[in-house]
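Residue numbers (the working numbering): 72 to 962.
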């Protein structure tokens with residue numbers, strides 16, 4: 072069979088185009104030819120092993136790939152012409168389209184759910200194939216071709232030729248060249264089945280024409296045409312955010328589970344919404360205590376948390392006494408206002424072990440388990456051994472284990488053989504993950520069937536003692552801590568304690584670990600939120616001996632030399648600027664009447680009125696250990712004061728390059744800045760603004776573009792970014808280039824010139840919300856700052872007089888309505904904010920609805936809905952209210 076590919080692409084001198092044919096065992100590359108650097112072609116003689124060829128084009132320079140087409144949806148050539156011995160393909164280069172979101176599984180498999188199929192086999196002697204992409208088509212619509220001449224229907228739409236969606240959003244039709252009236256084909260595309268009484272929905276613009284070349288018998292000429300454009304408005308969707316652990320139903324076991332998630336899908340569908348967003352669902356079991364409730368500190372980016380198992384979907388226990396005991400415990404735990412994390416997880420683990428003893432052998436002999444093990448074995452086997460060793464040695468700190476301090480790939484064989492002792496030691500964890508995977512996949516399938524988009528959350532970090540670090544330590548930097556600089560959530564910054572990523576090592580294999588992670592998520596979700604997307608540009612890296620985030624620095628970042636600093640007019644004095652500046656007036660201001668006690672116990676006199684920290688208290692970690700177990704508030708205040716002394720520096724030394732420095736974040740609010748002359752303050756401010764907002768922009772842009780394109784193209788999930796915090800300009804460049812949805816919160820506008828965001832200015836490719844899990848709920852925010860609320864009431868809600876407090880239900884409903892009418896593609900509101908509009912249903916205590924307090928690193932994540940999902944759905948007044956809000960907003 073002869074294949075001939077042609078594509079127009081303007082190259083620069085030295086560049087060449089490459090045709091990439093995707094095969095089961097990799098990609099076959101073929102160099103293309105050109106005579107003018109613009110029109111490229113490639114001729115192949117081959118006998119393909121299958122009837123479909125997927126391919127894409129790329130650009131090479133000096134043997135190195137410079138760029139490639141958008142590969143999420145590649146070109147497809149079907150070899151279905153029975154008499155076809157020669158295929159000539161006329162293509163065009165495809166960059167990531169503006170409407171790439173319409174190719175995501177959120178739209179193709181949920182919202183605009185349709186089935187693709189192969190082109191029908193034809194017996195034409197000479198074949199003309201027309202291929203066009205039409206992503207705007209909705210569920211139930213199909214594309215057809217109609218044109219001039221009897222064969223093409225003479226412009227009568229009821230005689231239009233039906234087309235086949237042979238690829239995602241791509242339609243094709245084979246025409247019999249011998250039946251055409253002319254070698255010039257004139258036609259248009261139209262959408263049928265759109266429900267319009269006036270007939271089909273015609274594409275806009277002039278009629279299309281294709282002039283056919285001379286053709287011989289057995290030849291198939293394929294034209295990939297410009298995208299069809301149909302006059303269809305953009306889709307806007309409404310949704311609800313609720314952590315899975317916060318769900319409550321009559322059958323829950325004290326915590327939300329996958330059965331409750333299925334019920335929540337019903338709620339979302341019946342209320343007219345289309346999106347259900349959850350927080351991370353990965354296993355976080357480190358200590359088996361309530362501190363493991365933090366969902367962003369996972370021990371495996373692949374394993375699901377056992378607490379989410381729906382026990383009602385498992386075989387019943389045969390022991391009646393055990394059944395009665397667990398039912399009594401279930402009712403007790405389910406009646407609690409908040410989650411008792413430790414009791415819930417102990418009970419569920421015990422129940423799972425009993426079911427495993429009773430049914431495990433049969434379930435793990437099934438074809439379904441064998442398929443799961445084959446698919447998940449790469450991460451599942453190490454995870455199971457890690458979990459077993461963690462429990463055996465009583466700690467997840469694998470550096471303290473007597474053996475197996477890192478994963479040994481040689482163990483995989485025995486751990487995968489059901490006849491070995493090693494397998495029997497870990498098979499319970501195989502069983503647990505199999506059950507969780509099966510249940511969650513069922514929920515995902517159910518959501519798709521009901522056209523509900525499940526949106527997941529991908530945390531930026533992993534726990535320092537996680538299975539991922541144990542298994543592949545080369546991907547992590549363990550000598551620092553990841554966190555976030557100061558923001559509205561935390562004035563001292565956030566220290567998450569996670570290791571930072573060794574991106575140099577990750578990029579060597581094409582970010583394989585991240586690609587596997589995203590592809591694993593795609594088994595359960597059709598959209599996802601990239602937690603702290605800024606971490607792909609630069610992460611806030613905090614020294615290992617620091618507690619707060621103030622002493623951190625962006626990594627990577629372009630540190631400043633002494634000469635550069637002095638170029639701004641600031642005479643650089645390393646000791647004075649980089650070591651804690653502690654003088655009498657600072658100690659007295661921080662500690663008041665305890666100043667002398669602090670000097671005597673914690674400080675050494677240096678000279679004049681200047682002091683140094685004693686060596687035993689020289690770092691925040693040393694101070695933390697000295698105050699371990701202290702609960703008296705006066706002593707905790709003393710500890711925090713010592714923390715403040717240690718972070719009182721103007722610059723921090725670069726962690727990698729000696730002789731380079733970074734201005735300390737928020738130094739303008741600290742004593743060392745206050746001690747500067749006014750001229751030095753002005754020089755530092757110029758330096759500070761250049762460093763944080765201009766100096767690194769291009770550098771960080773290039774860093775992000777090394778990583779994010781690989782991850783965005785790894786799956787067809789809809790990509791949404793959490794782009795809050797200290798956001799450099801380059802973030803919007805990357806988000807726009809990759810067509811990622813931004814996060815828009817009215818109370819945290821990205822425009823520094825306004826106090827509140829104008830909803831009408833939200834970009835379409837964005838997610839609009841009023842509050843996130845890290846923020847106060849709408850009701851809390853309303854009473855948090857009276858002056859701010861009054862300004863919002865008058866300027867944003869356009870209401871006169873004094874703002875009412877607490878937030879009345881009618882006004883909460885108005886705020887929700889305004890969020891919904893924004894131009895954003897998605898408007899996803901927390902379940903608490905949806906309930907705020909109904910004073911009958913919402914909790915009397917607004918503070919009891921808070922999910923997380925970022926300023927508290929030891930926050931207990933235990934919020935639960937106070938209403939059962941079944942009861943909420945049975946409240947017709949509330950459901951009708953939500954449906955009305957969604958309908959009126961055009962979502």
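Cβ atoms here follow ideal geometry from the backbone N, Cα and C, with glycine treated the same way.
- Taking a contact as a CB-CB distance under 8 Å, the pair residue 122 and residue 149 counts as one, their CB atoms being some 6 Å apart.
- Each of 555, 646, 879 was checked against the Cα of residue 797, and the nearest Cα belongs to 555.
- Assigned with DSSP and collapsed to three states, residue 419 falls in helix.
- In the three-state scheme derived from DSSP, where H, G and I count as helix and E and B as strand, residue 569 is classed as strand.
- Taking the Cα of residue 228 as reference, the smallest distance to any Cα among 263, 209, 234 is reached at 263.
- For residue 610, no alpha helix (DSSP H) segment is defined; the enclosing uninterrupted segment is the beta strand (DSSP E) at 610-614.
- Here DSSP, grouped into helix, strand and coil, assigns residue 538 to helix.
- Counting other Cβ atoms within 10 Å of its Cβ, residue 310 reaches 16 or more and is therefore classed as buried.
- Under the three-state reduction of DSSP, residue 760 is assigned to helix.
- Judged by DSSP secondary structure, residue 578 falls within the alpha helix (DSSP H) whose first and last residues are 574-579.
- In the three-state reduction of the DSSP assignment, residue 227 falls in the coil class, being assigned neither a helical nor a strand state.
- Counted as a single uninterrupted DSSP element, the alpha helix (DSSP H) harbouring residue 776 occupies residues 768-783.
- By alpha-carbon distance to residue 785, the top candidate from 92, 90, 142, 75 is 142.
- Of the other Cβ atoms in all chains shown, 16 or more fall within 10 Å of the Cβ of residue 846; this residue is therefore buried.
- Each residue's CA atom was taken as its position, placing residue 163 and residue 76 some 10 Å apart.
- Here residue 466 carries a coil assignment [DSSP, helix/strand/coil].
- When 175, 392, 357, 518 are compared, the shortest CA-CA separation from residue 534 is found for 357.
- Under the three-state reduction of DSSP output, residue 300 falls in the coil class, being neither helix nor strand.
- Counting only the Cα atoms, residue 713 lies some 40 Å from residue 915.
- Short of 6 Å from the beta carbon of residue 802, and not among the five residues preceding or following it, lie these beta carbons of its own chain, in chain order: 794.
- For residue 734, the beta-bridge partners assigned by DSSP are 722.
- Proximity of the region 344-362 to the region 473-491 falls short of the contact definition, fewer than three beta-carbon pairs being nearer than 8 Å.
- In the DSSP assignment, residue 603 falls outside any beta strand (DSSP E), carrying neither H nor E.
- Looking at the backbone, the Cα of residue 819 and that of residue 438 are separated by about 51 Å.
- Across the set 94, 95, 78, 118, the C-alpha of 78 shows the shortest separation from the C-alpha of residue 102.
- For residue 116, the closest alpha carbon among the candidates 892, 94, 74 is that of 74.
- A Cβ-Cβ distance of about 15 Å is found for the pair residue 877 and residue 859, leaving them out of contact under the 8 Å criterion.
- Rounded to the nearest whole angstrom, the C-alpha separation of residue 908 and residue 871 is 20 Å.
- Residue 83 sits exposed, since fewer than 16 C-beta atoms from the chains shown fall within 10 Å of its C-beta.
- Less than 7 Å separates the beta-carbon of residue 682 from that of residue 653.
- Each residue's CA atom was taken as its position, placing residue 952 and residue 385 some 36 Å apart.
- In this chain, the beta strand (DSSP E) harbouring residue 257 covers 255-263.
- Rounded to whole angstroms, the Cβ separation of residue 531 and residue 602 is 5 Å, and the two are in contact under 8 Å.
- Here residue 774 is buried. Its C-beta has 16 or more other C-beta atoms within 10 Å.
- Look at the region 877-908 and you find these whole runs of alpha helix (DSSP H), each 4 residues long or longer: 880-891, 902-906.
- Scanning 702, 709, 636 for the CA closest to the CA of residue 662 turns up 709.
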